[in-house]
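Numbering (the UniProt record's numbering), first residue to last: 3 to 446. To start, the structure under review is shown below, and the notes come after it.
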Ligand code: PMP
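Here is the structure:
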């Protein structure tokens with residue numbers, strides 16, 4: 003069923019006003035506020051399959067997928083059933099249970115990580131993995147890449163892309179840090195390089211290797227918009243391991259999205275540690291980090307690196323994650339279908355933009371895609387600096403054109419969209435119709 007044309011926002015406006023009176027900016031995560039695209043953020047009442055329904059009863063074709071977790075579509079029957087079954091047994095124990103073991107067994111089997119520890123968000127996963135890397139190596143410095151986002155732990159809010167790139171008031175523009183409230187002393191331990199610059203990475207490791215605990219990276223970037231790593235860059239990343247520097251792949255976005263073994267599987271990576279979030283919790287709050295036993299066994303109570311959580315391994319969250327991974331494993335054609343849909347979406351967007359004379363450069367891998375509003379060959383945008391050259395006003399106009407036609411794109415130029423298994427030929431056709439009209443309606 004094609005979405006209705008959304009024109010009513012009265013209930014969302016009322017809710018947004020109430021929310022602003024009691025919550026900073028009216029939202030619990032910044033990009034949801036529509037700051038960079040303008041207009042009223044839609045308050046969502048429910049979601050099923052590929053569609054969101056807002057408080058005014060308007061229906062939208064969803065390309066956010068809760069920012070990644072909903073790879074099977076919303077309200078999937080197997081996930082609902084698994085959560086219901088867990089719910090009947092109580093919601094939290096504060097003691098270990100079988101579902102945690104099952105999910106850990108599944109994750110280690112699918113990813114080759116020898117040990118995994120569950121936490122409650124991607125932020126906790128990266129924060130904990132870095133503490134572990136520091137504890138294991140006895141070194142203090144970490145390296146990250148400009149425009150990569152690894153959650154909001156203090157030392158990681160340095161040139162952090164994503165919402166910080168989107169909301170100008172959150173980006174102080176300086177080299178470090180990119181949020182108020184992060185002590186310069188913390189930020190000073192975070193060394194920042196350009197993504198896809200292997201020479202700079204080699205040089206830094208040569209000069210400061212013995213001080214560096216870890217290099218953390220998004221193996222496919224989603225948080226400066228989609229950026230793909232070059233083969234030379236991936237090779238340089240693996241060279242850091244020879245200097246005793248741990249390589250941490252942040253697969254919070256890519257894990258179980260690009261393949262059953264994430265970007266690590268797709269790109270044949272060999273990281274020491276990996277971080278997961280989003281899909282691993284099937285829409286409930288779960289994060290995880292894992293890797294080689296020798297390193298992971300430094301985590302308490304086995305080792306000296308402390309990390310804990312009242313709700314970690316929560317039975318409802320474990321049930322949702324387990325059911326999601328089971329569904330993904332049970333459908334061997336799924337990743338190929340997601341890839342085919344998203345490839346057709348990219349081709350259709352490219353053709354429609356060209357016909358309307360709108361400069362557009364698309365980066366895509368599997369079911370992740372960003373359409374950058376700038377004149378550049380498709381696939382040529384490789385760094386934060388490249389992405390930042392995009393025309394954000396043009397993006398905002400197009401976003402509003404899509405939203406007015408019932409297609410809910412990610413409300414920022416610097417985010418990936420996420421296609422789900424519930425997106426089929428009808429959704430593809432409706433999206434390309436809406437996109438074509440939205441390109442046509444833009445000021446030349
Ligand atoms: N790492 C990456 C690559 C992410 O995309 C995100 C969230 N978008 C995070 C970490 C943080 O995860 P969370 O929002 O669950 O804390």
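Quick reminder that beta carbons are idealized off the backbone N, C-alpha and C, glycines included.
Legend entry - Contact the region 116–130 vs the region 276–284: 3+ CB pairs below 8 Å: yes
Inset, instruction - Over the uninterrupted alpha helix (DSSP H) stretch that includes residue 397, give me the two end residues. - result: As a working mapping, residue 397 is identified with position 395 in the chain shown. That run of the alpha helix (DSSP H) goes 394–406.
Inset, instruction - Answer yes or no: the CB of residue 125 versus the heavy atoms of the ligand PMP, is any distance below 7 Å? - result: Along the chain shown, one-based indexing puts residue 125 at 123. Residue 125: yes, Cβ under 7 Å from the ligand PMP.
Legend entry - From 22, 93, 35, residue whose alpha carbon lies closest to that of residue 319: Along the chain shown, read from residue 1 onward, the residue named residue 319 stands at position 317. The option with the nearest alpha carbon to residue 319 is 93.
Legend entry - Unbroken stretches of the beta strand (DSSP E), 3 residues or longer, contained in the region 342–398: 363–367, 370–374
Legend entry - Neighbourhood of residue 9 by C-beta distance below 7 Å, restricted to the same chain and skipping five residues each side: As a working mapping, residue 9 is identified with position 7 in the chain shown. Closer than 7 Å at Cβ, skipping near neighbours: no residue.
Inset, instruction - Rounded to whole angstroms, what's the CA-CA distance from residue 288 to residue 359? Just pull it up for me. - result: If you number the chain shown from 1, residue 288 lands on position 286. If you number the chain shown from 1, residue 359 lands on position 357. Answer to the nearest angstrom: the Cα atoms are 43 Å apart.
Inset, instruction - Alpha carbon to alpha carbon, how far is residue 90 from residue 314? Give it in angstroms, no decimals. - result: Position 312 of the chain shown, counted from the start, is the residue given in the question as residue 314. Position 88 of the chain shown, counted from the start, is the residue given in the question as residue 90. One C-alpha to the other measures close to 19 Å.
Inset, instruction - Would you please state the rounded distance, in angstroms, between the beta carbons of residue 311 and residue 105? I believe it to be under 8 Å. - result: Taking the first residue of the chain shown as position 1, residue 311 is located at position 309. Taking the first residue of the chain shown as position 1, residue 105 is located at position 103. Not really, about 15 Å apart at Cβ, beyond 8 Å.
Inset, instruction - Would you list, in sequence order, the uninterrupted beta strand (DSSP E) runs of no fewer than 3 residues that lie entirely inside the region 4–82? - result: 46–50, 53–56, 61–64
Inset, instruction - Look at residue 219 and residue 182 and say whether their C-beta atoms are less than 8 Å apart. - result: What you label residue 219 is simply residue 217 of the chain shown in a count that begins at 1. What you label residue 182 is simply residue 180 of the chain shown in a count that begins at 1. Contact: no.
Inset, instruction - Could you have a look at residue 175 and say whether DSSP puts it in helix, strand or coil? - result: Position 173 of the chain shown, counted from the first residue, corresponds to residue 175. Confidence at residue 175 is low in this model, with a pLDDT of 32, below 50, so its placement is unreliable and the value that follows should be read with caution. Residue 175: coil per DSSP, three-state reduction.
Inset, instruction - Return yes when the C-beta of residue 225 is under 7 Å from any heavy atom of the ligand PMP, and no when it is not. - result: Residue numbering aside, residue 225 sits at position 223 when the chain shown is read from its first letter. It does: the Cβ of residue 225 is within 7 Å (strictly closer) of some heavy atom of the ligand PMP.
Inset, instruction - With hydrogens ignored, establish whether the beta-carbon of residue 240 is closer than 7 Å to any heavy atom of the ligand PMP. - result: Here residue 240 corresponds to residue number 238 of the chain shown, with the count starting at 1. No - the ligand PMP has no heavy atom lying nearer than 7 Å to the Cβ of residue 240.
Legend entry - Closest residue to residue 45 among 284, 370, 20, 152 (Cα-Cα distance): Taking the first residue of the chain shown as 1, we reach residue 45 at position 43. Among 284, 370, 20, 152, the Cα nearest to that of residue 45 is on 20.
Legend entry - Neighbourhood of residue 116 by C-beta, 8 Å cutoff - its chain only, sequence neighbours within 5 removed: Within the chain shown, numbered from 1, the residue matching residue 116 stands at position 114. The answer, listed in chain order, is 110, 292, 293, 294, 295, 298.
Legend entry - Where residue 283 sits in the DSSP three-state scheme: Taking the chain shown and counting its residues from 1, one reaches residue 283 at position 281. Note: residue 283 maps to helix in three-state DSSP.
Inset, instruction - Express the C-alpha separation of residue 113 and residue 129 in angstroms, rounding to a whole number. - result: Here the question's residue 129 lines up with position 127 in the chain shown. Here the question's residue 113 lines up with position 111 in the chain shown. Answer to the nearest angstrom: the Cα atoms are 20 Å apart.
Inset, instruction - On the DSSP bridge assignment, give the partners of residue 223 in chain order. - result: Stepping through the chain shown from its first residue, residue 223 is reached at position 221. Residue 223 is bridged to 229.
Inset, instruction - In the DSSP assignment, find the unbroken alpha helix (DSSP H) run with residue 441 in it and report its ends. - result: By 1-based counting over the chain shown, the position of residue 441 is 439. Per DSSP, residue 441 belongs to the alpha helix (DSSP H) from 427–442.
Inset, instruction - State the DSSP-derived secondary structure class of residue 339, mapped to helix, strand or coil. - result: The count along the chain shown starts at 1 and reaches residue 339 at position 337. Looking at residue 339 - three-state DSSP - the assignment turns out to be helix.
Legend entry - Rounded C-alpha distance that separates residue 222 from residue 236: Numbered from 1 along the chain shown, position 220 holds the residue referred to as residue 222. Numbered from 1 along the chain shown, position 234 holds the residue referred to as residue 236. So the two alpha carbons sit approximately 11 Å from each other.
Inset, instruction - Kindly indicate which three-state DSSP category residue 450 falls into: helix, strand or coil? - result: Nothing about residue 450 can be reported from this structure: the residues present for the chain run from 3 to 446 only.
Inset, instruction - For residue 271, name the three-state secondary structure that DSSP assigns. - result: Along the chain shown, read from residue 1 onward, the residue named residue 271 stands at position 269. Under the three-state reduction of DSSP output, residue 271 falls in the coil class, being neither helix nor strand.
Inset, instruction - Quick one: residues in its chain with C-beta nearer than 7 Å to the C-beta of residue 336, no 5 flanking neighbours on either side, listed in chain order? - result: The count along the chain shown starts at 1 and reaches residue 336 at position 334. So the list reads 330, 423, once near-sequence residues are dropped.
Legend entry - Extent of the continuous alpha helix (DSSP H) run through residue 291: Residue numbering aside, residue 291 sits at position 289 when the chain shown is read from its first letter. Boundaries around residue 291 are those of the beta strand (DSSP E), 289–293, since no alpha helix (DSSP H) includes it.
Legend entry - Cβ separation of residue 2 and residue 354, assumed to be a contact under 8 Å, to the nearest whole Å: Here the chain comprises residues numbered 3 to 446, so residue 2 is not present and cannot be evaluated.
Legend entry - Separation of residue 304 from residue 363, as counted between CA atoms: Translated into positions along the chain shown, residue 363 becomes position 361. Translated into positions along the chain shown, residue 304 becomes position 302. Roughly 49 Å separates the two Cα atoms.
Legend entry - Collapsed DSSP secondary structure at residue 252 in the structure displayed: The residue you call residue 252 lines up with position 250 of the chain shown. Correct three-state label for residue 252: strand.
Legend entry - Beta-carbon spacing of residue 75, residue 52 below 8 Å: To locate residue 75, count along the chain shown from 1; it is residue 73. To locate residue 52, count along the chain shown from 1; it is residue 50. Their beta carbons are under 8 Å apart, which means residue 75 touches residue 52 by this criterion.
Legend entry - Beta-carbon proximity check, residue 227 vs residue 418, cutoff 8 Å: Here residue 227 refers to the residue found at position 225 of the chain shown. Here residue 418 refers to the residue found at position 416 of the chain shown. Yes, the pair counts as a contact, with Cβ atoms nearer than the cut-off.
Inset, instruction - Locate the alpha helix (DSSP H) running through residue 117, then write down its first and last residues. - result: Stepping through the chain shown from its first residue, residue 117 is reached at position 115. Segment 117–121 is the beta strand (DSSP E) holding residue 117; no alpha helix (DSSP H) there.
Inset, instruction - Alpha carbon to alpha carbon, how far is residue 209 from residue 142? Give it in angstroms, no decimals. - result: Start at 1 with the first residue of the chain shown, and residue 142 comes out as number 140. Start at 1 with the first residue of the chain shown, and residue 209 comes out as number 207. Looking at the two C-alpha atoms, the distance is approximately 15 Å.
Legend entry - DSSP state of residue 217 mapped onto helix, strand, coil: To locate residue 217, count along the chain shown from 1; it is residue 215. If DSSP states are grouped into helix, strand and coil, residue 217 belongs with the strands.
Inset, instruction - Give the straight-line distance between the Cα atoms of residue 429 and residue 204, rounded to the nearest whole angstrom. - result: One-based indexing of the chain shown puts residue 429 at position 427. One-based indexing of the chain shown puts residue 204 at position 202. Spanning the two alpha carbons is a distance of roughly 45 Å.
Inset, instruction - Whole angstroms is fine: what's the gap from residue 266's alpha carbon to residue 258's? - result: Taking the first residue of the chain shown as 1, we reach residue 266 at position 264. Taking the first residue of the chain shown as 1, we reach residue 258 at position 256. For residue 266 and residue 258, the distance between alpha carbons rounds to 10 Å.
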